[in-house]
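Participant: The structure under discussion is supplied below as structure tokens; questions concerning it will follow.
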Amino acid sequence: MRTMSVMIVGVGGQGSLLASRLLGTLLTDEGYDVKVSEVHGMSQRGGSVVTYVRFGEKVYSPIVTEGECDYIISFEKLEAARYAGCLRKGGKIIVNTQEIDPMPVITGAAEYPAGVLEELKAKGFDIDDFDALTPAVEAGSSKAVNIVLMGHFAKCTEIPKEKWLAALEKVINPKFLEMNKTAFERGYGA
Numbered sequence: 037m038r039t040m041s042v043m044i045v046g047v048g049g050q051g052s053l054l055a056s057r058l059l060g061t062l063l064t065d066e067g068y069d070v071k072v073s074e075v076h077g078m079s080q081r082g083g084s085v086v087t088y089v090r091f092g093e094k095v096y097s098p099i100v101t102e103g104e105c106d107y108i109i110s111f112e113k114l115e116a117a118r119y120a121g122c123l124r125k126g127g128k129i130i131v132n133t134q135e136i137d138p139m140p141v142i143t144g145a146a147e148y149p150a151g152v153l154e155e156l157k158a159k160g161f162d163i164d165d166f167d168a169l170t171p172a173v174e175a176g177s178s179k180a181v182n183i184v185l186m187g188h189f190a191k192c193t194e195i196p197k198e199k200w201l202a203a204l205e206k207v208i209n210p211k212f213l214e215m216n217k218t219a220f221e222r223g224y225g226a
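Numbering follows the numbering used here, with no gaps: position 188 of the sequence shown is 224.
This is how it looks when you write it as structure tokens:
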């Protein structure tokens with residue numbers, strides 16, 4: 037099996053680190069060699085955050101280079117555009133259609149660019165875009181967007197849903213587990 041690469045990208049506070057921990061736990065339980073690397077931008081101030089998850093028979097580095105990534109899971113549209121160049125030919129971007137204004141937009145120095153996903157699609161990128169915020173809110177918390185996205189990504193893998201749910205039980209605080217299971221199921225069904 038060749039080494040597979042997944043990038044989880046978002047904005048600080050969206051839970052991308054928890055999503056990468058879920059994926060890493062699942063893949064380790066499945067017997068893969070797994071390497072996870074977290075890169076924090078200005079995450080505490082709403083800046084870009086990217087996590088690399090690489091897995092296979094033997095993985096030597098957690099870093100994903102340009103044109104190497106199999107999947108990008110993006111919690112926000114601009115983050116999908118920022119990292120699209122990392123996707124390999126035949127790779128896929130799963131993206132939440134939510135817009136989170138970056139600092140230049142917040143300060144009025146710029147406007148949120150229109151048509152971000154349409155431009156990526158026009159360039160030939162395989163984009164699976166959907167609203168992950170609404171099912172997260174319906175599950176009980178807007179903060180569950182990360183788990184909705186992971187539920188949606190789970191369908192791209194050959195790993196049974198029950199194993200994903202078992203990994204969820206390992207990484208989620210028990211008092212939030214049922215809400216996160218609901219969020220996962222909503223993402224899986226999206």
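The beta carbon of each residue, even a glycine, is placed where N, CA and C say it ideally should be.
My guess is that Ile99 and Tyr88 are in contact by the Cβ rule of under 8 Å, so how many angstroms apart are they, rounded?
Facilitator: Between Tyr88 and Ile99 the Cβ distance is about 6 Å, and since that is below 8 Å, they are a contact.
Participant: Hey, out of Gly83, Leu114, Ile129, whose CA is closest to Pro149's CA?
Facilitator: Nearest C-alpha to Pro149: Leu114.
Participant: How should Arg222 be labelled, buried or exposed, when 16 other C-beta atoms within 10 angstroms of its C-beta is the threshold for buried?
Facilitator: Classification for Arg222: buried.
Participant: Thinking just about the alpha-carbon of each residue, which of Asn132, Asp162, Ile142 is nearest to the one in Arg124?
Facilitator: Ranking Asn132, Asp162, Ile142 by Cα distance to Arg124 puts Asp162 first.
Participant: Is Ile183 helix, strand or coil when you go by DSSP?
Facilitator: Helix at Ile183.
Participant: Can you pull the DSSP bridge partners for Cys105?
Facilitator: Leu123, per the DSSP bridge assignment.
Participant: Would Asp167 and Thr218 qualify as a contact pair, given that the criterion is a beta-carbon distance under 7 Å?
Facilitator: For Asp167 and Thr218, no; Cβs fall outside 7 Å.
Participant: Does the region 180–189 come within contact of the region 151–160, defined as at least 3 CB pairs closer than 8 Å?
Facilitator: These segments do not touch.
Participant: What residue range is occupied by the uninterrupted beta strand (DSSP E) comprising Arg90?
Facilitator: Start and end: 84–92.
Participant: Bridge partners of Val72, per DSSP?
Facilitator: Paired residues: Val89.
Participant: Please classify Lys211: does DSSP put it in a helix, a strand, or coil?
Facilitator: Three-state result, Lys211: helix.
Participant: For a test of the three-state rule: what should DSSP assign to Val95, helix, strand or coil?
Facilitator: In this structure, Val95 counts as coil in the three-state DSSP scheme.
Participant: Please tell me whether Arg118 and Ser41 are closer than 7 Å, where the distance is taken between their beta carbons.
Facilitator: No, they are not a contact pair.
Participant: For the beta strand (DSSP E) holding Ile163, just list the boundary residues, first then last.
Facilitator: 162–166 is the span of the beta strand (DSSP E), which, as asked, contains Ile163.
Participant: For Ala158, count neighbouring C-beta atoms within 10 Å of its own C-beta (all shown protein chains included) and say buried if the count is 16 or more, exposed if not.
Facilitator: The residue in question, Ala158, is exposed, as its Cβ has fewer than 16 Cβ neighbours within 10 Å.
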